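Novice: Please find one structure pasted underneath; my questions will follow.
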Amino acid sequence: MRLYNTLTRTTEAFVPRDAGRVSIYVCGQTVQDVPHFGHARAAIVPDVLRRYLEWRGHQVFHVRNITDIEDKIIARAKAEDRPAAAVTETFARVSEREMERLGVLQPHIVPRATGHVLEMIALIERLIERGHAYESGGDVFFSVRSFPEYGRLSGRDVDELRVGARVEADERKRDPLDFALWKGAPADEGSLTSPTWPSPWGPGRPGWHIECSAMSTKYLGESFDIHAGGMDLVFPHHENEIAQSEAATGKSFARYWIHNGLLHIGTEKMSKSLGNFITLGEALDRYGADALRMFFLSSSYRSPVDFSEERLAEARAGLDRWGAFLRATAGLDPVPPTAESTEIRERFVAAMEDDLSTPRAQAVLFDAVTAGNQHLEAGDVKAAAALRALLLELAG
Ligand SMILES: [Zn+2]
Numbered sequence: 013m014r015l016y017n018t019l020t021r022t023t024e025a026f027v028p029r030d031a032g033r034v035s036i037y038v039c040g041q042t043v044q045d046v047p048h049f050g051h052a053r054a055a056i057v058p059d060v061l062r063r064y065l066e067w068r069g070h071q072v073f074h075v076r077n078i079t080d081i082e083d084k085i086i087a088r089a090k091a092e093d094r095p096a097a098a099v100t101e102t103f104a105r106v107s108e109r110e111m112e113r114l115g116v117l118q119p120h121i122v123p124r125a126t127g128h129v130l131e132m133i134a135l136i137e138r139l140i141e142r143g144h145a146y147e148s149g150g151d152v153f154f155s156v157r158s159f160p161e162y163g164r165l166s167g168r169d170v171d172e173l174r175v176g177a178r179v180e181a182d183e184r185k186r187d188p189l190d191f192a193l194w195k196g197a198p199a200d201e202g203s204l205t206s207p208t209w210p211s212p213w214g215p216g217r218p219g220w221h222i223e224c225s226a227m228s229t230k231y232l233g234e235s236f237d238i239h240a241g242g243m244d245l246v247f248p249h250h251e252n253e254i255a256q257s258e259a260a261t262g263k264s265f266a267r268y269w270i271h272n273g274l275l276h277i278g279t280e281k282m283s284k285s286l287g288n289f290i291t292l293g294e295a296l297d298r299y300g301a302d303a304l305r306m307f308f309l310s311s312s313y314r315s316p317v318d319f320s321e322e323r324l325a326e327a328r329a330g331l332d333r334w335g336a337f338l339r340a341t342a343g344l345d346p347v348p349p350t351a352e353s354t355e356i357r358e359r360f361v362a363a364m365e366d367d368l369s370t371p372r373a374q375a376v377l378f379d380a381v382t383a384g385n386q387h388l389e390a391g392d393v394k395a396a397a398a399l400r401a402l403l404l405e406l407a408g
């Protein structure tokens, strides 16, 4: 299989570290609100990759975290005057329920940041020992200058970044590009609404980036196969994850970086902060999980996707065609594959092997439905039954 690797900017042969076993880490949601429609795409893309790899006989180990320590969570807890843990518990449950409705496989491990603060502290200590991080007034920062590879994933020039970062200079940092690994808490914090954890640098909270480095390494090891997430996470989140992890271990972190394109409405990304989003729950109620999956998979996973009622209606109509063919062939006796069904299966595999080309794979399945209907009209029930079996295998 070939996959586009953001790290090398090329489409490469995908070769797992251990033959037959694939480890995947996916950045999960920050649970300060219900998931929106865009979160569906970030879940469906790794789900399809995992299902395909499993179908091809690999054993996949899939981790997706829950970010349940973050400034936005605390802001919401304060606004609603309730414990931060109550906020995150509420939305983690909603998220889990909606992902199940969407039909994505549950990851094997769903670690929460709050359960891994000790691992984060240990990682930060290791970075300090190795000269890649420093304490400053209760905060700990990663020293970007100490990691010459910084900027490799996102293709950014460190000097240019530095000029931009000077605008918001912070005297606690040695370099404007340094980012927080640990955020010391103000004296009035440390309550249920704004929890803090004890650390060698005083009470505080981990930064968002270190959360993913600590959780991925704990469950998948210091080096693993695939790290996935939305395109909006490439910089700074994933760039920082690489810097932290590789500086701490001296080993290469994730080998393949797979990023899905974002969901747009008009020219803008669908996001909470822009206020132009519909929730995943609303989208599921309105269109149904199958149409949502069909809609997302009709575009290349790397392209941006425009939300449009017409495209969702097309996805629905396509599903109806599949459904009509499956109903029309429901009573046929099973038959072994035919030359035609084998050829269609090979075309499907070729599309998926080519950087997960789901639009081409979908087109192949539509060809199968068209051919199957022609066989039914011509009375060739064996040929139709073989295509029915194929459709159920590949898209059931
Ligand atoms: Zn992450």
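First residue of the sequence shown: 13, per this note's numbering; consecutive thereafter.
Just so you know, even glycine gets a beta-carbon here, dropped at the ideal spot from N, CA and C.
In this text, all values refer to a predicted model and were calculated from it rather than measured experimentally.
1) When DSSP labels each residue in this structure, what does residue 298 get in the three-state scheme?
2) Thinking C-beta only, is residue 101 closer than 8 Å to residue 44?
3) Using the three-state DSSP reduction, which class does residue 34 fall into: helix, strand or coil?
4) Mapping the DSSP letters down to three states, classify residue 26 as helix, strand or coil.
5) Kindly provide the ranges of any beta strand (DSSP E) runs that are 3 or more residues long and lie completely inside the region 217-304, ordered along the chain.
6) Figure out for me which residue from 291, 307 and 66 has the closest Cα to the Cα of residue 375.
7) Out of curiosity, what's the CA-to-CA distance linking residue 171 and residue 111?
8) Would you identify the three-state DSSP class for residue 374, choosing helix, strand or coil?
9) Using 8 Å as the threshold, is the region 307-319 in touch with the region 368-388, meaning 3 or more CB pairs across them?
10) Per DSSP, residue 196 forms a beta bridge with which residues?
11) Contact check, residue 185 vs residue 219 under 8 Å by CB: the rounded distance?
12) Ignoring anything shorter than 4 residues, give me the alpha helix (DSSP H) runs that lie fully in the region 335-384, in order along the chain.
13) Tell me whether the beta-carbon of residue 163 lies closer than 8 Å to the beta-carbon of residue 169.
14) Taking all protein chains shown into account, do 16 or more other C-beta atoms lie within 10 angstroms of the C-beta of residue 237, making it buried, or fewer, making it exposed?
15) Less than 8 Å between the C-beta atoms of residue 292 and residue 48, yes or no?
16) Over the uninterrupted beta strand (DSSP E) stretch that includes residue 48, give me the two end residues.
17) Can you give me the C-alpha to C-alpha distance between residue 191 and residue 201, rounded to a whole angstrom?
18) Contact check, residue 226 vs residue 135 under 8 Å by CB: the rounded distance?
19) Taking C-alpha atoms, which residue in 270, 372, 97 and 77 lies nearest to residue 243?
20) Whose C-alpha, out of 204, 37, 151 and 378, is nearest the C-alpha of residue 75?
21) Between residue 128 and ligand 1, is the CB less than 7 Å from at least one heavy atom?
22) Kindly indicate the opening and closing residues of the alpha helix (DSSP H) around residue 130.
23) Under a CB-based cut-off of 8 Å, is residue 261 close to chain B?
Specialist: Taking the definition as stated:
1) helix
2) no
3) strand
4) coil
5) 236-242, 266-272 and 275-277
6) 307
7) 41 Å
8) helix
9) yes
10) 216
11) The pair is not a contact, with the Cβ atoms about 13 Å apart (cut-off 8 Å).
12) 351-365
13) yes
14) buried
15) yes
16) Residue 48 -> no beta strand (DSSP E), and no H or E assigned at all.
17) 21 Å
18) 5 Å
19) 270
20) 37
21) no
22) 129-141
23) Structure shown: chain B not included; a single protein chain is present.
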